[in-house]
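Enquirer: The structure under discussion is supplied below as structure tokens; questions concerning it will follow.
4 protein chains.
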Amino acid sequence: MTKPDKRDEIVRAALELIAEYGFHGAPMAMIADRAGVGAGTIYRYFENKDVLITELYREVEEKLYAVLLEGYATEKPFRERFLHLGTALLRYFIQNPLHFRYLEQFHNSPYGVAFRRDKILGKKGECDVFRELFEDGISQQVMKDLPLPVLFALAFGPLLTVARDHILSFISLDDALIARIVDACWDGIRR
Amino acid sequence: MTKPDKRDEIVRAALELIAEYGFHGAPMAMIADRAGVGAGTIYRYFENKDVLITELYREVEEKLYAVLLEGYATEKPFRERFLHLGTALLRYFIQNPLHFRYLEQFHNSPYGVAFRRDKILGKKGECDVFRELFEDGISQQVMKDLPLPVLFALAFGPLLTVARDHILSFISLDDALIARIVDACWDGIRR
Amino acid sequence: MTKPDKRDEIVRAALELIAEYGFHGAPMAMIADRAGVGAGTIYRYFENKDVLITELYREVEEKLYAVLLEGYATEKPFRERFLHLGTALLRYFIQNPLHFRYLEQFHNSPYGVAFRRDKILGKKGECDVFRELFEDGISQQVMKDLPLPVLFALAFGPLLTVARDHILSFISLDDALIARIVDACWDGIRR
Amino acid sequence: MTKPDKRDEIVRAALELIAEYGFHGAPMAMIADRAGVGAGTIYRYFENKDVLITELYREVEEKLYAVLLEGYATEKPFRERFLHLGTALLRYFIQNPLHFRYLEQFHNSPYGVAFRRDKILGKKGECDVFRELFEDGISQQVMKDLPLPVLFALAFGPLLTVARDHILSFISLDDALIARIVDACWDGIRR
DNA sequence: TATGAATGAGTCTTCATTCAT
DNA sequence: CATGAATGAAGACTCATTCAT
Numbered sequence: 609m610t611k612p613d614k615r616d617e618i619v620r621a622a623l624e625l626i627a628e629y630g631f632h633g634a635p636m637a638m639i640a641d642r643a644g645v646g647a648g649t650i651y652r653y654f655e656n657k658d659v660l661i662t663e664l665y666r667e668v669e670e671k672l673y674a675v676l677l678e679g680y681a682t683e684k685p686f687r688e689r690f691l692h693l694g695t696a697l698l699r700y701f702i703q704n705p706l707h708f709r710y711l712e713q714f715h716n717s718p719y720g721v722a723f724r725r726d727k728i729l730g731k732k733g734e735c736d737v738f739r740e741l742f743e744d745g746i747s748q749q750v751m752k753d754l755p756l757p758v759l760f761a762l763a764f765g766p767l768l769t770v771a772r773d774h775i776l777s778f779i780s781l782d783d784a785l786i787a788r789i790v791d792a793c794w795d796g797i798r799r
Numbered sequence: 609m610t611k612p613d614k615r616d617e618i619v620r621a622a623l624e625l626i627a628e629y630g631f632h633g634a635p636m637a638m639i640a641d642r643a644g645v646g647a648g649t650i651y652r653y654f655e656n657k658d659v660l661i662t663e664l665y666r667e668v669e670e671k672l673y674a675v676l677l678e679g680y681a682t683e684k685p686f687r688e689r690f691l692h693l694g695t696a697l698l699r700y701f702i703q704n705p706l707h708f709r710y711l712e713q714f715h716n717s718p719y720g721v722a723f724r725r726d727k728i729l730g731k732k733g734e735c736d737v738f739r740e741l742f743e744d745g746i747s748q749q750v751m752k753d754l755p756l757p758v759l760f761a762l763a764f765g766p767l768l769t770v771a772r773d774h775i776l777s778f779i780s781l782d783d784a785l786i787a788r789i790v791d792a793c794w795d796g797i798r799r
Numbered sequence: 609m610t611k612p613d614k615r616d617e618i619v620r621a622a623l624e625l626i627a628e629y630g631f632h633g634a635p636m637a638m639i640a641d642r643a644g645v646g647a648g649t650i651y652r653y654f655e656n657k658d659v660l661i662t663e664l665y666r667e668v669e670e671k672l673y674a675v676l677l678e679g680y681a682t683e684k685p686f687r688e689r690f691l692h693l694g695t696a697l698l699r700y701f702i703q704n705p706l707h708f709r710y711l712e713q714f715h716n717s718p719y720g721v722a723f724r725r726d727k728i729l730g731k732k733g734e735c736d737v738f739r740e741l742f743e744d745g746i747s748q749q750v751m752k753d754l755p756l757p758v759l760f761a762l763a764f765g766p767l768l769t770v771a772r773d774h775i776l777s778f779i780s781l782d783d784a785l786i787a788r789i790v791d792a793c794w795d796g797i798r799r
Numbered sequence: 609m610t611k612p613d614k615r616d617e618i619v620r621a622a623l624e625l626i627a628e629y630g631f632h633g634a635p636m637a638m639i640a641d642r643a644g645v646g647a648g649t650i651y652r653y654f655e656n657k658d659v660l661i662t663e664l665y666r667e668v669e670e671k672l673y674a675v676l677l678e679g680y681a682t683e684k685p686f687r688e689r690f691l692h693l694g695t696a697l698l699r700y701f702i703q704n705p706l707h708f709r710y711l712e713q714f715h716n717s718p719y720g721v722a723f724r725r726d727k728i729l730g731k732k733g734e735c736d737v738f739r740e741l742f743e744d745g746i747s748q749q750v751m752k753d754l755p756l757p758v759l760f761a762l763a764f765g766p767l768l769t770v771a772r773d774h775i776l777s778f779i780s781l782d783d784a785l786i787a788r789i790v791d792a793c794w795d796g797i798r799r
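Residue numbers (this note's numbering), protein chains in the order written: chain F, 609 to 799; chain Z, 609 to 799; chain B, 609 to 799; chain S, 609 to 799.
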């Protein structure tokens, strides 16, 4: 019942435009226009463009994590948990290309570095699922004994790459292919 | 004694600044400044900023390919060839972080998409080594039977990710770790 | 009490500066300055400098035609109508030297050629008075049987020249002299 | 036998380019290029662009006057002398459109005003033919008793206008039409 | 609270002119 | 004498941000 208030419209417009044109290709005036609000209005909800960008990132990430955790069962065996996460991740990106593009833009920008640092160094709680899972995997000796960031890279690097290729129409992913890809990632990290 | 002529200085400055601040964070005036030349001088060597960016990309890519092909022997067994390329790639990026950052910036920009498309669709000749190698691998049934872009993703996605993590000091790679990482990538693509 | 809104100020400033210094001698920043607005403000009203120039031309031309048609009576004899138009034209330019200079600048520029062509070829409706009058004059055999553009030249060429000379203070026109000049033009075109 | 030395080439190139593109559309580098000389070379012959432009004007004017005076006989009757000058003027412009365009560009620019002033106020000797002729005409009471500049305007204003129209292909002048036009100008100034 | 007109610092690019070779 | 690479001031235009209404 939350009437799609102005803030939501702004966030939606920013997501669409930045995903399509990048940070520098999406001026505040254009975002305001697309959101159907005045240019000044954005500044009632976000201190400045940087804050809008960062905040939008948080929201996108939050939605992503929510979906990843849907049906995620800590008690299931390690491999199954990994496949769940990998598959869910790839599917989410394919179904939400704007979110994927936005995250990509974000990570590949000055904004992204600070976030990555925090995440790797363990400040954020949200991606703990991944950390827990992987630390679990290491200690159970199911996974290769490599530094956590390396395992992340082996597991998710390929997924992000194929997601991008799919969104850019270089390849076309279906459920079967997704499963095989995640399986291949598993081969990369398992002992 | 090779006098570092202006063009070289411009290219060097552009590489440094764009790698660090991105395309939009590196104004022509700043590049000129860092290169120790007048603002107008850049335009004697490059028609405009876009041309500078694209040209610089070509040069970086060329150097990279040259290094990759050093000691690359077509007659060696498939696995060995893959390990050679993967290792060389990762090493190159670690030793030339500016090049890595620049390529990343480039690929993650309007400029990059056209290039990616050409490469995927097979126009460029230089990355044929990769294509040949992988098509070889598929036909010899050493590699998983997956679309070429997917195999590329499995093989190089993790390498790019760890390269970035290393450059951002999130991890520290040495020769031993590099070898293990490339090995893990091999696990991802091999049958 | 009509608040001189920004657009008006910009138009006025542009007219003054371009009339005095020409298109290339009147930078946008200078126009903005003279108009008492910020540099960017001009672009809220005119897409770019070309549009400003063209639009300003239209406004000047419109005012001129309005004055020319004041008291112009189609039913009066040909000679009288010609004298009315010639006199009004010359008076208008003398009273609005900026307009005269601006029109001159405009016609003597890439912008102007297209306009002239359209006018000669008969696209524009506003100068139909002239065309109608002259075609009338030809068919009534009051005027020399010469091509229309030639008659225009004979009739208005001298008027524009003396207008310029007056504005540059090379001569000083009063009503008596104006009448004699227009009369002389009449001698040039009449049979 | 004067080998077409660099200076001549520069003057020729400047004439062509400025006639076609205007002062601001013809950069020094472009002129140098067209002249087949180095950019710096122009400055050996002309102190700066303004001097080049002014000097070029002088040369064009000089050639024009030379042609006008060819066959001009002071002893002939007034009307004949006028027709000679008018016809020669119009013919010259039609045969040398670049010269015409250049003179037009020049007069319609800051450069031109000073020159006009000098000429009207009688400093220059070259156009004395015109002055003498017209003063003659006035004192003989063949011409209307109007200020000299006005007579100039009546006599030559139309000629310049039709010359431009011809060069822009709005009309097409032949010898017969030229004669009739000059005759019409005569009607404008004669008593 | 919402607006959107106004701002001006910052961007890319051009071009007349200089000067070392 | 001739060159043309180098310069940097100047110009058109953009856009994040502010503030009067």
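C-beta: ideal position from N, C-alpha, C; glycine also.
Remember, it's a predicted structure, so these values are computed and weren't measured experimentally.
Given that Pro705(S) touches chain B, what residues does it touch there, using C-beta distances under 8 Å?
Expert: For this step, residue 705(S) is matched to residue 97 along the fourth sequence. The contacting residues do not exist; Pro705(S) stays about 14 Å from chain B at best.
Enquirer: Report the CB separation of Val790(F) from Gly694(F) in whole angstroms; it is logged as a contact under 8 Å.
Expert: Here residue 790(F) is taken as the residue at index 182 of the first sequence, counted from 1. Here residue 694(F) is taken as the residue at index 86 of the first sequence, counted from 1. Confirmed, about 4 Å.
Enquirer: Determine the closest residue to Arg699(S) out of Ile618(S), Asp753(S) and Ala784(S), with distance taken between C-alpha atoms.
Expert: Looking up residue 699(S) in the fourth sequence gives position 91. Comparing Cα-Cα distances from Arg699(S) to each of Ile618(S), Asp753(S) and Ala784(S), the minimum goes to Ala784(S).
Enquirer: Going by DSSP, which residues form a beta bridge with Met751(B)?
Expert: On the third sequence, position 143 is the one that residue 751(B) refers to. According to DSSP, which records beta bridges pairwise, Met751(B) is partnered with Arg798(B).
Enquirer: Considering only their Cβ atoms, is the gap separating Gly796(F) from Leu768(F) smaller than 7 Å?
Expert: Residue 768(F) sits at position 160 when you count from the first residue of the first sequence. Residue 796(F) sits at position 188 when you count from the first residue of the first sequence. No, these two residues do not count as a Cβ contact at 7 Å.
Enquirer: May I ask you to report which of helix, strand or coil DSSP gives His707(B)?
Expert: In the third sequence, counting from the first residue as 1, residue 707(B) sits at position 99. Note: His707(B) maps to helix in three-state DSSP.
Enquirer: Under 7 Å Cβ-Cβ, which residues of chain B neighbour Gly765(S)?
Expert: The residue given as residue 765(S) occupies position 157 in the fourth sequence. Here the neighbours are Gly765, Pro766, Leu768 and Thr769.
Enquirer: Looking at the unbroken alpha helix (DSSP H) that takes in Thr662(F), where does it start and where does it end?
Expert: Here residue 662(F) is taken as the residue at index 54 of the first sequence, counted from 1. Residues Lys657 to Leu677.
Enquirer: Is the CB-CB distance between Ala634(F) and Leu706(F) below 7 Å?
Expert: Counting from one through the first sequence, the residue named residue 634(F) turns up at place 26. Counting from one through the first sequence, the residue named residue 706(F) turns up at place 98. Contact: no.
Enquirer: Could you give the first and the last residue of the continuous alpha helix (DSSP H) run that contains Leu767(B)?
Expert: For the purposes of this step, residue 767(B) is taken as the residue at position 159 of the third sequence. Looking at the DSSP string, the run of the alpha helix (DSSP H) that includes Leu767(B) is Leu756 to Ile775.
Enquirer: Of all the options Arg620(S), Pro685(S), Val737(S) and Ala647(S), which has the alpha carbon lying nearest to the alpha carbon of Lys674(S)?
Expert: By one-based count along the fourth sequence, residue 674(S) stands at place 66. Strictly speaking, residue 674(S) in this sequence is Ala, with Lys absent from that position. Among Arg620(S), Pro685(S), Val737(S) and Ala647(S), the Cα nearest to that of Ala674(S) is on Val737(S).
Enquirer: Using a Cβ cut-off of 8 Å, pull out every chain Z residue sitting near Glu712(F), in sequence order please.
Expert: Start at 1 with the first residue of the first sequence, and residue 712(F) comes out as number 104. The answer, in chain order, is Asn716.
Enquirer: Less than 7 Å between CB atoms is the rule here; does Phe778(B) satisfy it with respect to chain S?
Expert: To locate residue 778(B), count along the third sequence from 1; it is residue 170. Yes, contact with chain S.
Enquirer: Tell me the residue span of the alpha helix (DSSP H) that contains Tyr653(B).
Expert: As a first step, residue 653(B) is located in the third sequence; it is residue number 45 there, counting from the start. Note, Tyr653(B): alpha helix (DSSP H), Ile650 to Tyr653.
Enquirer: Could you round the C-beta distance between Phe686(F) and Gln748(F) to whole angstroms and report it? I think they count as a contact, below 8 Å.
Expert: Taking the first residue of the first sequence as 1, we reach residue 686(F) at position 78. Taking the first residue of the first sequence as 1, we reach residue 748(F) at position 140. The Cβ separation is near 6 Å, so the contact holds.
Enquirer: Please list the partners that Arg687(Z) has in chain F, where partner means a Cβ-to-Cβ separation under 7 Å.
Expert: In the second sequence, residue 687(Z) corresponds to position 79, counting from 1. Correct list: empty, because the minimum Cβ distance to chain F is about 15 Å.
Enquirer: With Ala643(B) and Ile618(B) assumed to form a contact (beta carbons below 8 Å), what rounded beta-carbon distance in angstroms separates them?
Expert: Here residue 643(B) corresponds to residue number 35 of the third sequence, with the count starting at 1. Here residue 618(B) corresponds to residue number 10 of the third sequence, with the count starting at 1. Yes, they are in contact, since the Cβ atoms of Ala643(B) and Ile618(B) sit about 5 Å apart, within 8 Å.
Enquirer: Report whether the distance from the Cβ of Ile626(F) to the nearest heavy atom of the ligand GDP is below 6 Å.
Expert: The ligand GDP is absent from the structure shown, which contains no ligand whatsoever.
Enquirer: Can you look up Tyr700(B) in the DSSP assignment and give me helix, strand or coil?
Expert: Within the third sequence, residue 700(B) is the residue found at index 92, counting from 1. Of the three classes helix, strand and coil, the one that applies to Tyr700(B) here is helix, per DSSP.
Enquirer: Using 7 Å as the limit for Cβ to Cβ distance, is Val758(F) near chain Z?
Expert: The residue labelled residue 758(F) in the question sits at position 150 within the first sequence. Chain Z contact via Cβ: present.
Enquirer: DSSP on Pro685(B), reduced to helix/strand/coil?
Expert: The residue you call residue 685(B) lines up with position 77 of the third sequence. Looking at Pro685(B) - three-state DSSP - the assignment turns out to be coil, as it is neither helix nor strand.
Enquirer: Let me confirm a value: Glu670(Z) is counted as buried when at least 16 other C-beta atoms fall within 10 Å, else exposed. Which label applies?
Expert: Reading the second sequence from its first residue, position 62 is the one you call residue 670(Z). The residue in question, Glu670(Z), is exposed, as its Cβ has fewer than 16 Cβ neighbours within 10 Å.
Enquirer: Only counting the same chain, and skipping five residues up and downstream in sequence, which positions put a Cβ closer than 8 Å to that of Tyr665(S)?
Expert: Residue 665(S) sits at position 57 when you count from the first residue of the fourth sequence. Tyr710, Leu711, Phe714, Tyr719 and Phe723.
Enquirer: Under a three-way DSSP split, which group does Leu691(S) fall into?
Expert: Along the fourth sequence, one-based indexing puts residue 691(S) at 83. In this structure, Leu691(S) counts as helix in the three-state DSSP scheme.
Enquirer: Throw me the rounded Cβ distance for the Ala771(F) and Phe701(F) pair, which I believe falls under 8 Å.
Expert: Along the first sequence, one-based indexing puts residue 771(F) at 163. Along the first sequence, one-based indexing puts residue 701(F) at 93. Indeed they touch by this definition, with Cβ atoms about 4 Å apart.
Enquirer: Closest to Arg615(F) by C-alpha separation, out of Asp753(F), Phe631(F) and Glu655(F), would be which residue?
Expert: Numbered from 1 along the first sequence, position 7 holds the residue referred to as residue 615(F). Arg615(F) has its Cα closest to that of Glu655(F), out of Asp753(F), Phe631(F) and Glu655(F).
Enquirer: Taking 7 Å as the CB-CB cut-off, is Leu762(Z) touching chain F?
Expert: The count along the second sequence starts at 1 and reaches residue 762(Z) at position 154. Output row for Leu762(Z): interface = yes.
Enquirer: Expressed to the nearest angstrom, what Euclidean distance is found between the alpha-carbon atoms of Lys684(F) and Thr662(Z)?
Expert: Here residue 684(F) refers to the residue found at position 76 of the first sequence. Here residue 662(Z) refers to the residue found at position 54 of the second sequence. Their backbone Cα atoms lie some 49 Å apart in a straight line.
Enquirer: For Gly630(S), which residues from the same chain have a beta carbon less than 8 Å from its beta carbon, with the 5 sequence-adjacent residues on both sides left out?
Expert: For the purposes of this step, residue 630(S) is taken as residue 22 along the fourth sequence, with counting starting at 1. So the qualifying residues of the chain are Gln713.
Enquirer: Quick one: list the residues of chain F neighbouring Val721(Z), beta-carbon separation under 9 Å, in chain order.
Expert: The sequence position of residue 721(Z) within the second sequence is 113, counting from 1. In chain order: Leu776.
Enquirer: Given this structure, state the Cα-to-Cα distance separating Ile779(Z) from Ala621(F), to the nearest angstrom.
Expert: Against the second sequence, residue 779(Z) aligns to sequence position 171. Against the first sequence, residue 621(F) aligns to sequence position 13. Looking at the two C-alpha atoms, the distance is approximately 37 Å.
Enquirer: Thinking C-alpha only, which one of Phe760(Z), Pro766(Z) and Val750(Z) is nearest Leu756(F)?
Expert: Numbered from 1 along the first sequence, position 148 holds the residue referred to as residue 756(F). The residue with the shortest Cα to Cα distance from Leu756(F) is Pro766(Z).
Enquirer: For Arg788(Z), go through chain F and note every residue whose CB falls closer than 7 Å to its CB, in chain order.
Expert: Within the second sequence, numbered from 1, the residue matching residue 788(Z) stands at position 180. Going along chain F in sequence order, the residues near Arg788(Z) (Cβ under 7 Å) are Leu754.
Enquirer: DSSP three-state label for Gly644(Z), please.
Expert: The sequence position of residue 644(Z) within the second sequence is 36, counting from 1. Reduced to three states, the DSSP call for Gly644(Z) is coil.
Enquirer: Give the single residue among Gly646(F), Thr682(F) and Asp658(F) whose Cα lies nearest to the Cα of Arg739(F).
Expert: To locate residue 739(F), count along the first sequence from 1; it is residue 131. Closest option to Arg739(F), Cα to Cα, is Thr682(F).
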